[in-house]
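This report refers to the structure that appears directly beneath it.
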Amino acid sequence: MTQSARSQQATHPPLHGAGWHGKAVVVSGGAQGQGASLALQLLQVGATVHVIDVLPPEHVAWQPLRDAAHGNLFEWPHDVAMPGTWSRVADALREMGHALQGLVNNAGITGPRNTATQTQLPDWERVMATNLTGAMLGIRAMAPLMGRGASIVNISSTVGMTGYYSCAYTTSKWALRGLTRSAALELAPRGIRVNCVCPGVVDTDMIQTNPALVAALQDTIPMQHMAHPSQIADVVMFLLGPQASYITGADLAVDGGVTGGGIYWSVGRRVGALGQPETASSSKA
Ligand SMILES: NC(=O)c1ccc[n+]([C@@H]2O[C@H](COP(=O)([O-])OP(=O)(O)OC[C@H]3O[C@@H](n4cnc5c(N)ncnc54)[C@H](O)[C@@H]3O)[C@@H](O)[C@H]2O)c1
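Quick note on numbering: the sequence shown equals residues 30 to 314 in the numbering used here.
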């Protein structure tokens with residue numbers, strides 16, 4: 030590679046504010062939760078956002094996105110695990126001539142959170158299909174539409190970095206990190222980056238539907254509160270944009286210190302070295 034080729038790659042227009050106009054981003058699982066928070070941020074900066082989500086068009090979750098959109102929201106009420114979903118979106122992007130800047134594979138389900146010996150095959154297959162196969166299908170369909178500077182972000186989890194009793198979910202989130210590394214290698218020569226965000230405990234329906242789990246998790250977080258969905262979206266925005274132009278194949282834990290401290294947060298508390306927790310509630314920073 031020549032020096033001028035290197036310099037050319039290092040200089041690119043900023044992709045914030047007006048820089049997002051005319052750029053398209055596909056967000057899966059974007060009708061609610063973290064995906065919706067991200068889609069809102071993208072709509073606010075002027076990006077064109079294609080949201081894929083199994084929630085039907087009449088579901089109330091879509092409304093805040095519609096309210097924030099100015100003709101720059103495209104809704105795809107489909108399943109990420111179906112190849113046809115991705116070919117439909119790809120065909121539309123080609124027809125519309127949208128420059129595809131980003132893909133965020135965010136759609137995910139936990140399934141019944143069973144242990145390995147209790148896992149039922151249909152549950153396992155559904156979790157894998159949504160969390161893992163959906164992301165692979167997304168990369169396979171969207172990467173050909175992307176150019177230099179584009180970015181793919183896969184939403185894994187801190188359970189993809191450690192052991193967790195919920196077998197299918199944990200396995201799918203570890204595998205997503207493998208998919209990220211594999212795709213990052215393939216796409217690096219084309220200037221397309223692929224990274225993973227590993228959220229800790231995030232205040233969305235996924236977790237709030239299980240109050241016992243929420244209560245048990247509170248004591249595991251050094252920052253002592255769950256993440257607000259926008260705190261994850263902020264990091265995804267960074268990875269989608271040019272400020273992250275030299276990051277690929279990486280996993281970024283966004284977890285209030287859970288994985289950084291490992292087991293030593295609870296140990297420090299138990300031996301009295303780290304004091305008593307403040308009120309544990311979800312708050313933005
Ligand atoms: N909430 C947490 O504590 C937490 C922690 C770590 C990682 N995550 C991950 O973050 C991502 C977003 O989860 P969330 O917390 O916003 O949960 P959520 O349940 O609020 O949102 C998930 C979205 O994905 C959609 N979805 C589910 N299956 C789909 C499918 N087959 N096709 C298309 N859309 C589908 C749902 O309809 C929903 O809108 C998931 O991948 C999840 O595993 C969540």
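From the three backbone atoms N, C-alpha and C, an ideal C-beta is built for every residue, glycine too.
Keep in mind the model is a prediction, meaning the values are calculated, not measured.
- At the C-beta level, Trp49 and Val74 come within 9 Å of one another.
- Rounded to the nearest angstrom, the Cβ distance from Ala197 to Asp152 is 6 Å, consistent with a contact under 8 Å.
- With fewer than three CB-CB distances shorter than 8 Å, the stretch 187 to 203 does not count as touching the stretch 255 to 270.
- Boundaries of the beta strand (DSSP E) around Ala128: Ala128 to Asn134.
- Using a cutoff of 8 Å, the CB of Thr233 counts as near ligand 1, since one of the ligand's heavy atoms is closer than that.
- A distance below 7 Å between beta-carbons, with the five flanking residues on each side excluded, links Ala145 to the following residues of its chain, in chain order: Cys196.
- Shown here, Glu104 sits in a strand according to DSSP, grouped into three states.
- Between ligand 1 and the CB of Asn224, the shortest heavy atom gap is not smaller than 8 Å.
- Here Ser57 carries a strand assignment [DSSP, helix/strand/coil].
- According to the DSSP secondary-structure assignment, Val182 is paired through a beta bridge with Val133 and Asn224.
- If you draw a straight line from the Cα of Tyr293 to the Cα of Pro251, it comes to about 10 Å.
- Annotation for Val109 indicates a beta carbon within 8 Å of some heavy atom of ligand 1.
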